[in-house]
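*Asks:* Numbering (mature numbering (1 follows the signal peptide of the UniProt record, and there is no 0)), first residue to last: -19 to -1, 1 to 185.
Glycine residues also receive a C-beta, built at the ideal position from the N, C-alpha and C atoms.
All of these numbers come straight from a predicted model, not from anything done at the bench.
#1: Does the region 92 to 110 come into contact with the region 37 to 45, if we say contact requires no fewer than three beta-carbon pairs (one atom in each stretch) closer than 8 Å?
#2: For residue 111, name the three-state secondary structure that DSSP assigns.
#3: Given a cut-off of 9 Å, decide if residue 150 and residue 184 are closer than it, judged by their beta-carbon atoms.
#4: Can at least three beta-carbon pairs, one atom from the region 82 to 89 and one from the region 118 to 129, be found at a separation below 8 Å?
#5: Using the DSSP secondary-structure output, state which residues sit across from residue 180 in a beta bridge.
#6: Rank 51, 26, 14, 22 by C-alpha distance to the C-alpha of residue 33 and give the top, closest one.
#7: Got a sec, what are the start and stop residues for the beta strand (DSSP E) residue 71 sits in?
#8: Looking at the structure shown, is residue 140 part of a helix, part of a strand, or coil, going by DSSP?
#9: On the three-state DSSP scale, how would you describe residue 155?
#10: Terminal residues of the continuous beta strand (DSSP E) containing residue 120?
#11: Verify whether the separation of the beta carbon atoms of residue 152 and residue 117 is less than 9 Å.
#12: Which of the three DSSP states, helix, strand or coil, is assigned to residue 145?
#13: DSSP puts residue 46 in a beta bridge; with which residues?
#14: So residue 77 and residue 61 are supposed to be a Cβ contact under 8 Å. How far apart are they, rounded?
#15: Whole angstroms are fine: how far does the CA of residue 21 sit from the CA of residue 54?
#16: Looking at the structure shown, is residue 127 part of a helix, part of a strand, or coil, going by DSSP?
#17: Write down the C-beta distance between residue 63 and residue 51 rounded to the nearest angstrom, noting that I regard them as a contact closer than 8 Å.
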């Protein structure tokens, strides 16, 4: 089985003052493959996430994916990241922190010096929609992105029809569709892999 290129979403949903866990069921071509959970601390400046996917082919486990990440933020700027990924046996670690006027990033490809204020694919923050470059927490790639507003649609969230604004994000090997509520709360994600397969994140 060809190795899938899976893109993970890193989010904050609630703006309340208490810690909260947010959970998605994840589907590949409409078949359930696992879940992705996110926990936000009370101070709203630390996000932890865990993902576990298992893809079966004729009842045989054909693909496994594990990911755990911790991010800290100050306003709209990432201040540190510590991400570990096991992509079907291929392990990678991405770490980084703000040091003075630069964000120093360590990736499987080496050390990088990035601008002081960067963002990951932080769908929870509407300001992400105005960015031209974003950091992929899985690979450590700082990618050029093109974000387009598609228009208004109705989508189903937890069994209810919701008015939503549809956006499309294009980057290297990424084609991601996002839906937001009228007040810019992130509602859903769909990603088309380079192999043409469809990944959907649906709120539990």
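*Replies:* Let me lay it out:
#1: no
#2: The count along the chain shown starts at 1 and reaches residue 111 at position 130. Residue 111 falls in the helix class under three-state DSSP.
#3: On the chain shown, position 203 is the one that residue 184 refers to. On the chain shown, position 169 is the one that residue 150 refers to. Taking 9 Å as the Cβ cut-off, residue 184 and residue 150 do not qualify as a contacting pair.
#4: yes
#5: Against the chain shown, residue 180 aligns to sequence position 199. Per DSSP, 9, 172.
#6: Residue mapping note: residue 33 aligns to position 52 of the chain shown, counting from 1. When only C-alpha atoms are compared, the closest one is 14.
#7: What you label residue 71 is simply residue 90 of the chain shown in a count that begins at 1. It spans 71 to 80 - the beta strand (DSSP E) in which residue 71 sits, taken as one unbroken run.
#8: As a first step, residue 140 must be located in the chain shown, where it is residue number 159. Residue 140 falls in the coil class under three-state DSSP.
#9: Within the chain shown, the letter at position 174 stands for residue 155. Three-state DSSP puts residue 155 in a strand.
#10: Within the chain shown, residue 120 is the residue found at index 139, counting from 1. No beta strand (DSSP E) contains residue 120, which DSSP labels as neither H nor E.
#11: Taking the first residue of the chain shown as position 1, residue 152 is located at position 171. Taking the first residue of the chain shown as position 1, residue 117 is located at position 136. For residue 152 and residue 117, yes; Cβs fall inside 9 Å.
#12: Residue 145 sits at position 164 when you count from the first residue of the chain shown. Strand.
#13: Against the chain shown, residue 46 aligns to sequence position 65. When DSSP reads this structure, residue 46 sits in a beta bridge with 34, 68.
#14: Numbered from its first residue, the chain shown carries residue 77 at position 96. Numbered from its first residue, the chain shown carries residue 61 at position 80. Their Cβ separation, rounded to whole angstroms, is 7 Å, which keeps residue 77 and residue 61 in contact under 8 Å.
#15: In the chain shown, counting from the first residue as 1, residue 54 sits at position 73. In the chain shown, counting from the first residue as 1, residue 21 sits at position 40. The straight-line gap from Cα to Cα measures roughly 11 Å.
#16: Walking along the chain shown from the start, residue 127 turns up at place 146. Of the three classes helix, strand and coil, the one that applies to residue 127 here is strand, per DSSP.
#17: As a position in the chain shown, residue 63 is number 82, starting the count at 1. As a position in the chain shown, residue 51 is number 70, starting the count at 1. Contact annotation, residue 63 with residue 51: C-beta distance approximately 5 Å; criterion of less than 8 Å satisfied.
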